[in-house]
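A.B. asks: Please see the structure below; I have some questions.
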Amino acid sequence: MKAYRADLLDFTATPAWGDAAADEAVRFREDHWLLVDDTGHIAGVQAEPPAPGIEQEDWRGHLLLPGFIDTHVHSPQIGVMASYGTALLDWLNNYTFPAERAWADPEVAARGSAHFLDALLAHGTTAAVVFPTVHKGSADALFAAAAGRGMRVIAGKVLMDRHAPDGLRDDVMQAERDCVDLIQRWHGQGRNSYAVTVRFAPTSTEAQLAMAGALCRADPTLYTQTHVAENRDEVRWVGELFPEARSYLDVYARAGLLHRRSILAHGIWLDDNDRAALRETGAQVAFCPSSNLFLGSGLFDWASMLAAGAAVSMASDVGGGTSLSMQRTLADAYKVQALVGSATGQRLTAWTALHAATRGAAEALDLGHEIGSLEPGRLADFTVWRWSANSVDTERQRLARDLHEKVFAWMTLADERHLRGTWVAGRRRYDARDITAWPPADRERRAA
Ligand code: GUN
Ligand code: ZN
């Protein structure tokens, strides 16, 4: 058993939209102790110091949160971040596809996957839903690296059998064999789960979409991940490629790819029928505000998703997104919702944002029993943060008059530089003091 002393924040339920008052769903336990047992599970939380003999770590004056969950991010795209000058379709052709081709090399995929996961940990993200590349080895490398770190990862080999350059296309038969083999070897192994990963409708034939849907029907424990309705030119193109579908989302519905474990990135240009389909199937949208702003894709309307009863989680979408930091992602989400405006005139609260990046995402992924909160029995995936790290945010924190103001200012002003440590299943996997921990390539070279 080990005990960690800090200001503990998590959620017991979904906070009401627009309600900044300390909601019943918000659980803030100032200067408490988090107890973690020897199996890496949370044993409890208490105000009084732990019994003698229990090892202690004193993070007094720091914020302790459940590890962040990034529900849409691309492992091979760290080097694509901050690529200048294009919207989605040109960005894919000019920057992203060339970068992904390099991952045909298993060495590149192994090194890149290790770097990617260590970078997530160094931003306070302990669980992620990830796109590697079309290459089977890129999924193997990612799952192996996740297993080595004990991280919760949902991923799958990317399916794309058309409208992609040489070296980045598969075909239906080979892709199916690769998926079946990866599912057998990785799905449910440790904390890895397999996601049938259709890149997006334009890069899969009808036959490939049907194959993907059949895989999901055969095993309802599989996830599905894809992109939908991100960019208006993309939506128009999908309309031309699939004239019989009612909408972009309907392409996936017809293929059997909308279900309780589907994660659809973006969903900016959906209509009421689409949102109803999301609610009926239990599929969720991963809101990627940083990416949507950077690529000029559009403004996602969260309140309309809420009104329709469809689930929303939070995602960096690196490399379309410009940071792996979930705080920066949430700060961008606030700004996007401020521009969209909701029918009620209410803004995105820190509670709704942080819930969506922790417990909300966990529940939407059917993983609420494992991650997303500080409940006893959950795996101890958690992070410890400075409340402030410089004179400016220290002053802002000093002036905060209530808990929401304090946490909202933190969410808006903090980033990975505030992170002190990241624990996965009770084991410390990132330590900000350990300057040798970064870059990871150096550490691996030394360890070798
Ligand atoms: N649509 C299809 N592929 C991608 C991708 O890699 N990133 C984003 N943002 N959108 C996509
Ligand atoms: Zn994406």
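With the working numbering as the guide, the letters of the sequence shown map in order to residues 310 to 757.
Glycine included, C-beta positions come from ideal geometry on N, C-alpha and C.
Keep in mind that this is a model prediction, so the values were computed, not measured.
#1: The alpha helix (DSSP H) that contains PHE425, what's its start and end?
#2: Can you give the beta carbon distance from PRO324 to TRP342, rounded, assuming they're within the 8 angstroms contact cut?
#3: Run the CB neighbour count on THR678, radius 10 Å, all protein chains shown included, and call it buried at 16 or more, exposed below.
#4: Verify whether the separation of the beta carbon atoms of ASP319 and LEU374 is less than 8 angstroms.
#5: Counting by C-beta, which residues lie closer than 6 angstroms to a heavy atom of the ligand GUN, in chain order?
#6: Quick check: does the Cβ of HIS472 come within less than 7 angstroms of any heavy atom belonging to the ligand ZN?
#7: Which first and last residues belong to the beta strand (DSSP E) in which HIS713 is found?
#8: Among ALA592, TRP660, ALA419, ALA521, which has the Cα closest to the Cα of THR321?
#9: Is ALA574 a contact residue of the ligand ZN, with contact defined as CB to any heavy atom under 7 angstroms?
#10: How far does the beta strand (DSSP E) with PRO361 in it reach, from first residue to last?
#11: From SER697 to SER513, what distance separates their C-alpha atoms?
#12: Three or more C-beta pairs under 8 angstroms: does that hold for the region 586-596 against the region 345-357?
#13: Got a sec: does the ligand ZN put a non-hydrogen atom nearer than 7 angstroms to the Cβ of PHE440?
#14: What does the Cβ neighbour count give for ARG582, buried or exposed, with the cut at 16 atoms within 10 Å?
#15: Return the CA-CA distance between LEU657 and GLN646, expressed in angstroms with no decimal places.
#16: Is the separation between the beta-carbon of VAL417 and that of GLY628 shorter than 8 angstroms?
#17: Starting from GLY730, trace the beta strand (DSSP E) in both directions and tell me its first and last residue.
#18: In angstroms with no decimal places, state the Cα-to-Cα distance between GLY285 and VAL560.
#19: Report back the beta-carbon spacing between THR638 and SER599 to the nearest angstrom; my notes put them in contact at under 8 angstroms.
#20: Pull up the DSSP beta-bridge partners for LEU374, would you.
#21: Reducing DSSP to helix, strand and coil, say where LYS445 ends up.
#22: Between the Cα of LYS743 and the Cα atoms of ALA734, SER613, GLY735, GLY730, which residue gives the shortest distance?
#23: From ARG461 to PHE596, what distance separates their C-alpha atoms?
#24: Is the beta carbon of HIS350 within less than 7 angstroms of some heavy atom of the ligand ZN?
#25: Can you name, in chain order, every residue of its own chain whose Cβ lies under 6 angstroms from the Cβ of ALA757, other than the five neighbours on each side?
#26: Could you round the C-beta distance between ASP690 and GLY376 to whole angstroms and report it? I think they count as a contact, below 8 angstroms.
#27: For MET623, which residues does DSSP report across the bridge?
#28: Whole angstroms is fine: what's the gap from GLU364's alpha carbon to ALA356's?
#29: Where does ARG338 fall in DSSP's three states?
#30: Rounded to whole angstroms, what is the Cα-Cα separation between LEU728 and ALA519?
#31: Hey, how far is the Cα of CYS525 from the Cα of LEU317?
#32: What residue does the beta strand (DSSP E) around THR740 start on, and which one ends it?
#33: Is ALA640 helix, strand or coil by DSSP?
C.D. replies: Short version:
#1: Against the sequence shown, residue 425 aligns to sequence position 116. Counting along the chain, the alpha helix (DSSP H) containing PHE425 begins and ends at 415-430.
#2: Within the sequence shown, numbered from 1, the residue matching residue 324 stands at position 15. Within the sequence shown, numbered from 1, the residue matching residue 342 stands at position 33. That pair is no contact at about 25 angstroms.
#3: Counting from 1 along the sequence shown, the entry for residue 678 is found at position 369. The question names Thr, yet the displayed sequence has His at residue 678. Its Cβ having fewer than 16 others within 10 Å, HIS678 is exposed.
#4: The residue you call residue 319 lines up with position 10 of the sequence shown. The residue you call residue 374 lines up with position 65 of the sequence shown. Yes; because the gap between Cβ atoms is below 8 angstroms, this pair is in contact.
#5: Checking every Cβ against the heavy atoms of the ligand GUN under 6 angstroms gives HIS383, LEU397, LEU401, THR405, ARG508, PHE509, HIS536, GLU539, SER600, ASP626, GLY629.
#6: Translated into positions along the sequence shown, residue 472 becomes position 163. Checking the Cβ of HIS472 against the ligand ZN gives no.
#7: Along the sequence shown, one-based indexing puts residue 713 at 404. It is not in any beta strand (DSSP E) - HIS713 instead sits in the alpha helix (DSSP H) that spans 712-722.
#8: One-based indexing of the sequence shown puts residue 321 at position 12. Checked all of ALA592, TRP660, ALA419, ALA521; the closest Cα to THR321 is TRP660.
#9: The residue labelled residue 574 in the question sits at position 265 within the sequence shown. Yes, the ligand ZN has a heavy atom inside 7 angstroms of this Cβ.
#10: The count along the sequence shown starts at 1 and reaches residue 361 at position 52. Counting along the chain, PRO361 falls outside any beta strand (DSSP E), and DSSP gives it neither H nor E.
#11: Counting from 1 along the sequence shown, the entry for residue 697 is found at position 388. Counting from 1 along the sequence shown, the entry for residue 513 is found at position 204. Whole-angstrom Cα-Cα distance: 46 angstroms.
#12: no
#13: Counting from 1 along the sequence shown, the entry for residue 440 is found at position 131. True, at least one ligand heavy atom lies under 7 angstroms from that Cβ.
#14: Translated into the one-based positions of the sequence shown, residue 582 becomes position 273. A small fix is needed here, since residue 582 is Asn in this sequence, not Arg. Exposed: under 16 other Cβ atoms inside 10 Å.
#15: Counted from its first residue, the sequence shown places residue 657 at position 348. Counted from its first residue, the sequence shown places residue 646 at position 337. In this structure, the straight-line span from the alpha carbon of LEU657 to that of GLN646 is close to 6 angstroms.
#16: Working through the sequence shown from its first residue, we reach residue 417 at position 108. Working through the sequence shown from its first residue, we reach residue 628 at position 319. Cβ distance not < 8 angstroms, so VAL417 and GLY628 don't count as in contact.
#17: To locate residue 730, count along the sequence shown from 1; it is residue 421. Looking at the DSSP string, the run of the beta strand (DSSP E) that includes GLY730 is 728-733.
#18: With the chain covering only 310 through 757, there is no way to say anything about residue 285.
#19: The residue labelled residue 638 in the question sits at position 329 within the sequence shown. The residue labelled residue 599 in the question sits at position 290 within the sequence shown. Yes, THR638 and SER599 are in contact; Cβ-Cβ is about 5 angstroms, under 8 angstroms.
#20: Your numbering for residue 374 matches position 65 in the sequence shown. BP columns for LEU374 point to THR692.
#21: On the sequence shown, residue 445 is found 136 positions in, with the first residue counted as 1. Reduced to three states, the DSSP call for LYS445 is helix.
#22: Taking the first residue of the sequence shown as 1, we reach residue 743 at position 434. Sequence check: residue 743 is Asp here, not Lys. Here the closest residue by C-alpha is GLY730.
#23: Mapped onto the sequence shown, residue 461 falls at position 152. Mapped onto the sequence shown, residue 596 falls at position 287. Each residue's alpha carbon lies about 20 angstroms from the other.
#24: Locating residue 350 in the sequence shown gives position 41, counting from the first residue. For HIS350, the shortest separation between its Cβ and any heavy atom of the ligand ZN does not lie below 7 angstroms.
#25: Working through the sequence shown from its first residue, we reach residue 757 at position 448. Residue confidence is low: ALA757 scores 48 on pLDDT, short of 50, so the model does not pin down where it sits. Its coordinate-derived value is still stated next. Once the five neighbours on either side are set aside, ALA757 has no close Cβ partner at all.
#26: The residue labelled residue 690 in the question sits at position 381 within the sequence shown. The residue labelled residue 376 in the question sits at position 67 within the sequence shown. Indeed, because the Cβ distance is near 4 angstroms, the residues count as touching under 8 angstroms.
#27: Reading the sequence shown from its first residue, position 314 is the one you call residue 623. Note: MET623 is bridge-paired with PHE596 in the DSSP secondary-structure output.
#28: Taking the sequence shown and counting its residues from 1, one reaches residue 364 at position 55. Taking the sequence shown and counting its residues from 1, one reaches residue 356 at position 47. Looking at the two C-alpha atoms, the distance is approximately 16 angstroms.
#29: By one-based count along the sequence shown, residue 338 stands at place 29. DSSP places ARG338 in strand when its eight states are reduced to three.
#30: Position 419 of the sequence shown, counted from the start, is the residue given in the question as residue 728. Position 210 of the sequence shown, counted from the start, is the residue given in the question as residue 519. Whole-angstrom Cα-Cα distance: 44 angstroms.
#31: Residue 525 sits at position 216 when you count from the first residue of the sequence shown. Residue 317 sits at position 8 when you count from the first residue of the sequence shown. Taking the straight line joining both Cα atoms gives about 38 angstroms.
#32: Counting from one through the sequence shown, the residue named residue 740 turns up at place 431. One detail in the question is off: residue 740 reads as Asp in this sequence, not Thr. Element bounds for ASP740: 736-740.
#33: Position 331 of the sequence shown holds residue 640. Residue state, collapsed to three classes: helix.
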